[in-house]
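Read the structure below first, then the notes.
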Amino acid sequence: MERPVVSEYLGIPYASPPVGFLRFAAPEPFSSKQSFDASAYSPDCPANISPTYTFPKLRTLGQRIASKFADQAGNHAQSEDCLTLNIWTKTQSRKSRKPVLLWIHGGRFTIPGSNNPIYNGRYLADNEDVVVVTFNHRVGIFGFPGSPVTTQNVGLLDQRLAVQ
7 MERPVVSEYL GIPYASPPVG FLRFAAPEPF SSKQSFDASA YSPDCPANIS
57 PTYTFPKLRT LGQRIASKFA DQAGNHAQSE DCLTLNIWTK TQSRKSRKPV
107 LLWIHGGRFT IPGSNNPIYN GRYLADNEDV VVVTFNHRVG IFGFPGSPVT
157 TQNVGLLDQR LAVQ
């Protein structure tokens, strides 16, 4: 039996790069008339990932196991220009509609990574015939600066814009 082909569109910007005066500001919608290559994940948003810091109470074996997961999450390039989404879907006729599953990755607002292999939506899109969407959002000090002179919880504002 032949399996349907799942199309994937990776690294699609949904917000202007949060650099310069936008670093700690609410995200602004992305606007461009230029085409771009959507065949590769974008870099993760910046974060300081350390298995020992992230999982401080684990014993030696637990730390080794946790470090394998952290390695998967932390071995990707990082950039402040990271507010992108990824989409997977099977071929669709124009007459039918599909449900959309929007996956917001975990990480306690400190660990980035919609491009972690465990968030790859290809298999779910193939097996359940849904459109799967994942996205990056700012984490750590870039998403939740905790300063009275900046916009608060910009990581949550990133999530809201990605959903829109």
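Okay, so the sequence shown: first residue is 7 according to our numbering, each after it adds one. Cβ atoms here follow ideal geometry from the backbone N, Cα and C, with glycine treated the same way.
{"Query": "Closer than 7 Å by C-beta to Leu-108: which residues in its own chain qualify, once you throw out the five before and the five after it? Chain order, please.", "Result": "Val-139 and Val-169"}
{"Query": "If you follow the alpha helix (DSSP H) that Val-160 is in, where does it begin and where does it stop?", "Result": "160-169"}
{"Query": "Give the straight-line distance between the Cα atoms of Ile-110 and Asp-164, rounded to the nearest whole angstrom.", "Result": "11 Å"}
{"Query": "Would you check if the distance between the CB atom of Thr-95 and the CB atom of Val-137 is smaller than 7 Å?", "Result": "yes"}
{"Query": "For a test of the three-state rule: what should DSSP assign to Ile-93, helix, strand or coil?", "Result": "strand"}
{"Query": "What residues in its chain sit with their C-beta under 7 Å from that of Ser-85, if we drop five residues either side in the sequence?", "Result": "Pro-49"}
{"Query": "Residues in its own chain within less than 7 Å of Cys-88 by CB, not counting five upstream and five downstream?", "Result": "Ser-48, Pro-49, Asp-50, Cys-51 and Asn-142"}
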